[in-house]
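Written below as structure tokens is the structure these notes are about.
Listed below in structure tokens is the structure:
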């Protein structure tokens, strides 16, 4: 007889601030995302706290009164973790833990924790481990109270070395070792990319949880892991795809997110190299998300950071089946119509119109407009291929002129 499986979630509270850089609405949106991150990491949010602050408190991030309010709630409801939406300094983290007497983590650590859960291959695990150690190094003092003591005894007299200094040295040695290991893997990955021959490389990029892996499965008829959680895909997946008779390589990469830890951007250099070395980027956007324009801006910012913004880009607005504009009652004279009330047709007439024909509206799950998507990708890849090999022009006819069958083939990443 099968037993019912119960999942135990760790209770948590979220803490964010409202300042000149993020108003109350923006702060709420960040906390919504932080709650989804918490759920993905295995936590259950019991309450949110917000405070208006021009500048975060250098000692406790939020004000004394608000921190006492959080402490009272944590004690009363036996909360296990307090999660802050911004990165805390080591000193702030130690001070807050002393007051709240519970585990305190910030957005950066939460993302690192999710990445550690999601890492399946040795390569991804090494990347995450390096990022975690670099985050951990300046925070060692707060992790164990015994680290402040200096070891003594036989053979330990003299100038000696405090335990915290020993642990810092061990962590630095580990970071050096992991960096050497990653350099070796990076070289192997570069050779692997070089061995893929002259095929055109296409990379799926976009914010996390926008449907990149679903789209990958639809176009390549493969079975990449899909889940309605953030960072479901961590390891880069590469497939050889054939549309009509035109072969190319399609890469599914890790999703981006706002406030992405700098340690991860550096650690995932080789993964991001797949984007950097691609000939064409398919920027997938979840148009059903109310803040999809901010997501586009975040992805573009990271593409700028890795110097990949100058590549040909096709904007793919996914999840049109879930898009629902806000409505205004006919007799409501108070609410002013804004972009939140736009229909898809109205969106197409905004800044999207300036993108020309490099904009597509699809639903990967419902396979809506997928034929139009395949045609656009085929024509763009064909143009890149023919520019590179002009003598191959006759091999790949116009999309509508081809009469054969499509083929699909999987290859290892």
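In UniProt numbering, the protein residues as written are 1 to 413. In this text, a Cβ means the ideal position worked out from N, Cα and C, and glycines have one as well. Bear in mind that the values here come from a model prediction, so they are computed numbers and not experimental data.
Thinking C-alpha only, which one of 97, 362, 315 and 166 is nearest residue 293?
Within the chain shown, the letter at position 293 stands for residue 293. Residue 293 has its Cα closest to that of 315, out of 97, 362, 315 and 166.
Tell me, please, which residues DSSP counts as bridged to residue 363.
If you number the chain shown from 1, residue 363 lands on position 363. Residue 363 pairs with 368.
Using the rule of at least 16 other Cβ atoms within 10 Å of the residue's Cβ for burial, across every protein chain shown, is residue 395 buried or exposed?
Position 395 of the chain shown, counting from 1, holds the residue named residue 395. It counts as exposed.
According to DSSP, simplified to helix, strand and coil, what is residue 348?
Looking up residue 348 in the chain shown gives position 348. Of the three classes helix, strand and coil, the one that applies to residue 348 here is helix, per DSSP.
Run the CB neighbour count on residue 23, radius 10 Å, all protein chains shown included, and call it buried at 16 or more, exposed below.
Start at 1 with the first residue of the chain shown, and residue 23 comes out as number 23. Exposed, because fewer than 16 other Cβ atoms sit within 10 Å of the Cβ of residue 23.
What does the Cβ neighbour count give for residue 173, buried or exposed, with the cut at 16 atoms within 10 Å?
Position 173 of the chain shown, counting from 1, holds the residue named residue 173. Exposed.
Residue 144 by DSSP, collapsed to three states: which one?
Sequence index remark: in the chain shown, residue 144 carries index 144 (1-based). Note that residue 144 has pLDDT 48, beneath the 50 cutoff, so the model's placement of it is unreliable and the number below is only indicative. Coil at residue 144, not helix or strand.
Cutting at 8 Å between CB atoms, please list the residues of its own chain near residue 20, excluding the five before and the five after it.
By one-based count along the chain shown, residue 20 stands at place 20. Correct list, in chain order: 54.
Is the distance from the Cβ of residue 92 to the Cβ of residue 61 below 8 Å?
By 1-based counting over the chain shown, the position of residue 92 is 92. By 1-based counting over the chain shown, the position of residue 61 is 61. Contact flag set, yes.
Measuring CA to CA, which of 106, 295 and 325 is closest to residue 206?
Here residue 206 corresponds to residue number 206 of the chain shown, with the count starting at 1. The residue with the shortest Cα to Cα distance from residue 206 is 295.
Please determine, among 347, 374, 33 and 27, the residue with the shortest C-alpha to C-alpha distance to residue 241.
Reading the chain shown from its first residue, position 241 is the one you call residue 241. The shortest Cα separation from residue 241 among 347, 374, 33 and 27 belongs to 374.
Around the C-beta of residue 212, are 16 or more other C-beta atoms found within 10 angstroms, so that it is buried, or is it exposed?
For the purposes of this step, residue 212 is identified with residue 212 of the chain shown, where counting begins at 1. That one is buried.
When you compare the CB positions of residue 275 and residue 364, do they come within less than 8 Å of one another, or not?
On the chain shown, position 275 is the one that residue 275 refers to. On the chain shown, position 364 is the one that residue 364 refers to. No, these two residues do not count as a Cβ contact at 8 Å.
When you compare only the Cα positions, how much space is there between residue 41 and residue 257?
To locate residue 41, count along the chain shown from 1; it is residue 41. To locate residue 257, count along the chain shown from 1; it is residue 257. Answer to the nearest angstrom: the Cα atoms are 15 Å apart.
Which class does residue 286 belong to by DSSP, given the choice of helix, strand or coil?
Working through the chain shown from its first residue, we reach residue 286 at position 286. Three-state result, residue 286: strand.
For residue 35 and residue 59, what's the separation of their Cα atoms in angstroms?
Here residue 35 refers to the residue found at position 35 of the chain shown. Here residue 59 refers to the residue found at position 59 of the chain shown. Distance between the alpha carbons of residue 35 and residue 59: 25 Å.
Using the Cα positions of residue 104 and residue 383, report the straight-line distance between them to the nearest angstrom.
Mapped onto the chain shown, residue 104 falls at position 104. Mapped onto the chain shown, residue 383 falls at position 383. Roughly 52 Å between the two C-alpha positions.
On a CA-only basis, which of 13, 95 and 37 is nearest residue 78? Give me that one, please.
As a working note, residue 78 is residue 78 in the chain shown. Of the listed residues, the one whose Cα sits closest to residue 78 is 13.
Can you tell me whether DSSP reads residue 30 as helix, strand or coil?
The count along the chain shown starts at 1 and reaches residue 30 at position 30. Correct three-state label for residue 30: helix.
Excluding the 5 residues flanking residue 87 on each side, which residues of the same chain have their C-beta closer than 7 Å to its C-beta?
Residue numbering aside, residue 87 sits at position 87 when the chain shown is read from its first letter. Around residue 87: 106, 107 and 108.
Report the three-state DSSP secondary structure of residue 311 (helix, strand or coil).
Counted from its first residue, the chain shown places residue 311 at position 311. Of the three classes helix, strand and coil, the one that applies to residue 311 here is coil, per DSSP.
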